[in-house]
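Chains as they are written, first to last, in this note's numbering: chain F, 149 to 781; chain A, 63 to 1221. No residue lacks a Cβ here, since even glycine has one placed at the ideal position from N, Cα and C. Note that the structure is predicted; figures quoted are calculated from it, not measured.
1) Whole angstroms is fine: what's the gap from residue 392(F)'s alpha carbon to residue 728(F)'s?
2) Specify, as a first and last residue, the run of the alpha helix (DSSP H) that residue 714(F) falls within.
3) Throw me the rounded Cβ distance for the residue 340(A) and residue 381(A) pair, which I believe falls under 8 Å.
4) Could you please tell me which residues of the stretch 825–838 of chain A, in chain order, have their CB closer than 7 Å to any CB of chain F?
5) In the DSSP assignment, find the alpha helix (DSSP H) that holds residue 679(F) and state where it starts and stops.
6) Any idea what DSSP makes of residue 695(F), helix, strand or coil?
7) Between residue 177(A) and the rest of its own chain, which residues show a CB-CB distance below 6 Å, the 5 nearest in sequence each way excluded?
8) DSSP on residue 655(F), reduced to helix/strand/coil?
9) Between which residues of its own chain and residue 580(A) is the CB-CB distance below 7 Å, once the five residues before and five after are set aside?
10) Nearest CA to the CA of residue 435(A): which residue from 499(F), 536(F), 562(F), 501(F)?
11) Taking only beta-carbon atoms, is residue 906(A) less than 8 Å away from chain F?
12) Which same chain residues end up closer than 6 Å to residue 738(A) when comparing Cβ atoms and leaving out the 5 residues on each side of it in sequence?
13) Kindly provide the ranges of any beta strand (DSSP E) runs that are 3 or more residues long and lie completely inside the stretch 988–1039 of chain A, ordered along the chain.
14) Are the beta-carbon atoms of residue 418(F) and residue 698(F) separated by less than 8 Å?
15) When the Cα of residue 211(A) is compared with those of 578(A), 97(A), 188(A), 1125(A), which residue comes out closest?
16) Can you say whether residue 452(A) is buried or exposed, counting buried as having 16 or more other CB atoms within 10 angstroms of its CB?
17) Hey, is residue 937(A)'s beta-carbon within less than 8 Å of any beta-carbon in chain F?
18) Can you tell which of 612(F), 673(F), 770(F) has the C-alpha that lies nearest to the C-alpha of residue 217(F)?
19) Just checking my contact of residue 978(A) with residue 1149(A) at CB under 8 Å: how many whole Å lie between their CB atoms?
20) Could you pull the start and end residues of the beta strand (DSSP E) that residue 743(F) belongs to?
21) Taking the straight line between their C-alpha atoms, what separation do you get for residue 1194(A) and residue 324(A)?
22) Grouping DSSP H, G and I as helix and E and B as strand, with all else coil, what is residue 735(F)?
23) Give me the subset of the stretch 736–753 of chain A whose CB atoms are less than 9 Å from a CB atom of chain F, sorted by chain position.
24) For the alpha helix (DSSP H) containing residue 335(F), name the first residue and the last one.
25) Residues in the stretch 986–998 of chain A with C-beta within 9 Å of chain F's C-beta atoms, listed in sequence order?
26) Residues of chain F with CB under 7 Å from residue 899(A), in chain order?
27) Where residue 332(A) and residue 900(A) are concerned, what is the direct C-alpha to C-alpha distance, given to the nearest angstrom?
28) Note down, in chain order, all residues in the stretch 565–576 of chain A with a beta-carbon under 9 Å from any beta-carbon belonging to chain F.
29) My parser needs the alpha helix (DSSP H) runs of 4 or more residues fully inside the stretch 1105–1143 of chain A; what are they?
30) What residue from 680(F), 773(F), 769(F), 767(F) has the CA that sits closest to residue 373(F)'s CA?
31) Here's the rule: buried if 16 or more other CB atoms are within 10 angstroms of the residue's CB, otherwise exposed. What is residue 164(A)?
32) Checking the sheet assignment: what are the DSSP bridge partners for residue 605(A)?
33) Short of 7 Å in beta carbon distance, which residues of its chain neighbour residue 492(F), apart from the five on each side in sequence? Order them along the chain.
34) Take residue 818(A) as the anchor and find which of 798(A), 893(A), 786(A) has the nearest alpha-carbon.
35) Let me make sure I understand the geometry here. Which of 989(A), 700(A), 911(A), 834(A) has the alpha-carbon closest to that of residue 345(A)?
36) With respect to the beta strand (DSSP E) encompassing residue 821(A), which residues constitute its N-terminal and C-terminal limits?
Spelled out as structure tokens, the structure:
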């Protein structure tokens, strides 16, 4: 029995060892992540904490933000909502009142704001940083805070102004919306503070990061938008915004005196190549851009435009907005040859049009002058091939920027344009399923030949601009006009620089009167109309359209336009044509404009004034009854 | 092999006659010191005698020291039982050992006399269902119960002195008794059937065992041999499917993957929660265990049964007990194998190309189709002609015809799904050796199973090797040590497409297989087309190797009578190794461009392991005081789990033939991850019963977990259960002839649920060392994420279960059954971050907190009928169960439907109610397409004829006679209502068995009687319910062809937009305006009925007569033939398996055969 006792004692003592009050046995913490106490100690900590905020530049809540995938899910949409562009497969929901209620989302998002506020709250306690470094990160924080608030205000008007980290118990979480003017005034103060206090840490942050120029470009965009909004939506106190816009724009115009003229030799090459360049780091006029690199970070913007999946096209009325090379509207220019033939539609027009929509051409498929194609006997067929440059190799990747004839992503030749989705093959209006559209005006802003295209994973690496001087020039011109200071000199410093690069005759203010564009919105001053036209054309397909027509409070003019395609014979297309009398589709005409979508007004729809502000998601009001809905929703 | 079944003999036999010479039989003993049991073994081995005794009366473990030198059996017996009440009687071939007080010997003499009486004499043979003679079965004349006999060594009997209308009662311990009227016969052969119900079954429960009749909780025990049978399955999970009411096992079909979800009595919590799977008391990986090594599985369903395992047992416990031989069992060597051939059972089916082309045109597309400008009408015509006369076309590649325009047409219509499938092969081999002497018990086994799945090639396979070694030794009479060491290794290989596109539903059936001729590709190369078949042929596989060593040590000490101390230690390591090299390979689509994919080859190496250490120590004390029986158990448990994962991905290998982490030139993404938790707790159980009639059990556990903050770390979880054996009561006397058992049970218990991931109470900020959100000079940047909100107060979810159960056994144990009703309240469920909505201005999700309650109600019924008609034995088992869970508390006062809300049943499906299609009569005119006054409109859509119409269920200020989603709240759900629920309801399982003269047939059925699911995508909607631009990529499936179609699309035609088929299955097909999204919104019209019945297995077997096999030294030889997944009855679209609800790695049918040999 003795042995038995020993073993019993042994077991009891083993149990004792395991059951001893050893609390550490139940204390387990993660091994690979930081906590708030350890995350804000060094300069590089702040840098790493700030980088997630650069995601705003690809967050498509902001219409001008880029998209790593398809631009049709990003910047193109801003101009689709404005009616400047159209989607092949669906109408503009703002024109046909099919905007549905939002129960959540809709841009009412404060995630970045929380992230920024957390950093701002931790700057003062970061003892390892110098005051200069602290000011720098505070400035960067203010920039991003304001950049996101620009969108919140743009969408909703009044929004809660949040400058602290909230949790579920914070009163501010359940507070009302703050007055738009209070919010925007606060933003302006912060942006100006940041403009003054941001340091030059390019060597530590990287040479393409938030700096004083970026902050000034943001101020330029913000102040023009807020100033015009206040003015046209009758909120008052707008002039200081225009003055601020002129101030920062002039500073930037001094810093960025040159416009990029491109490498590929077409007219307005620098205009088009801004979106398809291999490297924007040394391109004049670029203030901030998004870098892409092979196998590291790629996008699909170019690829999709070489496929059948690209759905963005231009309706006839936007084509008509482009001036002729003499600087005159199509109604007044002697150079205009009419739109009954696609070649004449494009002839003598503002070359920026060629860089936005694909010009017509026709070649013979098969090996000939070049490996997969040769010229036809008709000289007209090569008119725009010669202007845009020859796609000699027809390969993937190919050579050059926007060369013709076009090809699909796999280098399959597209022998002619127009290539209408519902064109009839044996009538020469439907060549291939890819690179097709319904209107005839295929948008190819992100198209290049040199980028490799691939249907399995993104391989495009062209850099994309985020802030550039062209916008600043247009902000300047518009602000100057709003201040009553748009002199010929101001036009020469801004719009005419853009005209010069585009090889379009300069704007002469004295010549602009009521007859300059008989098709303009009569509510708008003729000179202002031309400034806005320049902006619309220069920034076409970059996402500004919808925000612009809302701040001008002329959205109905653009959105209610019936979207039509090119002029064509009925025998060449399996689509209805447009009945000018009824605005309805018909198959009884021998030729006419392609009927794309109905006339919103004929269908009893059209722009609603409630669309000027977005709907606050209904869940937010349910969760916090202090939040009031925007009018009309 | 039923170790959980102990035979308690009731002495009821007689011997034939006394042979005085028999007492002179002699034996030789090697030692004089042995146990009674060993002595009996020796007598049986060395003489012709069978020794018959009751284990209740004769203690076989008793040691005896023999002085005898005569070697006479009778002398040995005299000595062995000297001083005891046991005496012996010799029969022809028997030695009967019995207590003196009963004086059986006297009754034997009487018996002999009565058998000499005059009357009818009946002879016959009694065998069991396997044809083996039943020795010692009692045959009694019911009209004269003192008159009877027993069968001899060959099962023969002869009984005289009967009258013509006598009724014989044949009984034997462990067998179903039979009553047989003579009806004038003089020869009656009888087959007896073993009756497990009648046996005093013992069920494994937490840290111990319990006699089944004394169980008070809801426990279902399954004998693995019964559910596994000879089925061609390598996983215990599959064997348990449908076997236990309340235990639901669902998921995919891929062999060897952890893709099955196990669940007891429904979803425990909104956070999920799985049952605790225990292998010999400690968590383990059921997939890595050879089911052949499993003895039994107990499913502990209610809180009272599982509370002893504490905070992880809230969703019940699946308690797996491995095989342990008993003392004094013969050496047994078993070999079995199984060979099977598997073929897929359910594939998607595309509509014929003619229908596809028609649908394409009906959607309003131009005739010029697809990338190469094929003309749809021509194409349709070519396909048609090719079908009847393929030789007419001069095709290249796989039916590619270049017409005069130089445009390729793809004419070969095929089943791209069956092209990736072939016959798979399954085989297993198991070898085991087991046995036990009085002091040492052992079992060693080895198993190998191999499955080459039904995909073409041998790239999809799963192989597993198991070895185990168990030894248990009684080192002293008070100390026993057990050691169980097992090791399992598995290897799985699975072809990997790009993503999951081997199972794409997005490829038309005209797609050529094989190689695209070089004359067609843009680069002039001949390369494989991008079909599922080629993906399998050319793609690499993922390779997974797992190692699972497990050591289990158990020390048992019995320091004093009735007290047992146990110390268990378990180490389990799950070691997981994964590698996949994507490589790059050239392929083309029918767009003809040759591309190499992926753009950058990726080599992935993942390795993780989990080290699991567990210590359980507990003491059990057993005592009876008169009619009071008491059992007390208490103990301590401590477990720790440490998980470490390293996951590396590198791009651009120097050489594709030797991919390695070091040979990469491109981007390297390196990750590590740790997760650790510990649990510590003390537990106890008290059992008390009076007369085995009134039963009471109390359990409790005090448990702590590292997953919770210090202040809320520990919890106490009590439980209580009681039972009443009603049939044992005196007042039930009148029913006793047909009602053998009637037991009422009640239990209540409370358990914590800690099934959340660790570290949730620590606000952490993730670091990403390589974030592509921004590049600086071509390099990704380092980012730090902000932390979410954290609640420091959260603690266990608490699960309370009340269970009322009834067990019964009637009609001579032919029919047995169990019914349970339960209510389970899951309280303080941890709402995951964001589950409770915060205003968005907070900028992050709400923290996890104990914010919600849920109630589950359910019931379970199991019925078994077992009987025998002559040589034919049969049994039918059926189980049915159901449960529903309802949220009883949730901080969603506003009733947002995007979230749980109070009163919501789990898995409710909200949707619209369809109301036919819009017709032209609903519109004012065909120009503006304005709807007439009073016709319901749809928010966000300008409808046209042929669009889905929905019932207007609700109007508010913003919505009059308009279909919309309202405020998305319970008060204003718009025009939606609850149209279904995807919880499987009325799940059932059934098994049928027949046996006849060594032949056996078993059938297993399993299914769900009611379930609705919402399935969208290709299998349900034409062109996948997507827009026109995608239609060229989207085939039409067999069930899509009946869509709304206008007679004329010409506005001047009187039949403009008047449908050919107003009651079509589908809305109109769209070319342009995308009302598709409205038409395909969740609605009752396209809600699918996911109920099903599956014939899981049918096995036919034949057991050779022992007489035949004995001669070659084989004790059992069985051959069998079976089919797994024979048939499935479901209304779901083809290709959608009801167990998984999408198209993926196919479910398959396995036809198998094999042999089971025991030496």
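The relevant details are as follows:
1) Near 47 Å, if we compare the C-alpha coordinates of residue 728(F) and residue 392(F).
2) Note, residue 714(F): premise wrong, no alpha helix (DSSP H); beta strand (DSSP E) at 712–717.
3) 5 Å between Cβ atoms; contact.
4) Those residues of the stretch 825–838 of chain A that come within reach of chain F (Cβ to Cβ, closer than 7 Å) are 825, 826, 827, 828, 829, 833, 834, 835, 836, 837, 838.
5) In the DSSP annotation of this structure, the continuous segment of the alpha helix (DSSP H) that includes residue 679(F) starts and ends at 674–686.
6) helix
7) With a pLDDT of only 45 at residue 177(A), under 50, the local geometry of the prediction cannot be trusted, and no value is derived from it.
8) Coil at residue 655(F), not helix or strand.
9) For residue 580(A), where only same-chain residues beyond five positions count, the Cβ hits under 7 Å are 586, 587, 588.
10) 562(F)
11) yes
12) 704
13) You should have 1010–1012.
14) no
15) 188(A)
16) exposed
17) no
18) 612(F)
19) With 8 Å as the limit, residue 978(A) and residue 1149(A) do not qualify as a contact, their Cβ atoms being about 16 Å apart.
20) 739–743
21) Cα-Cα distance, rounded: 23 Å.
22) In the structure shown, residue 735(F) adopts coil according to DSSP, grouped into three states.
23) 736, 737, 738, 739, 740, 741, 742, 744
24) 328–345
25) 989, 990, 991, 992
26) 767, 771
27) 18 Å
28) none
29) 1138–1141
30) 680(F)
31) The predicted position of residue 164(A) is uncertain, since its pLDDT is 42 and thus under 50; no value can be drawn from it.
32) 555(A), 641(A)
33) 485, 486
34) 893(A)
35) 700(A)
36) Careful: residue 821(A) lies outside any beta strand (DSSP E) and carries neither H nor E.
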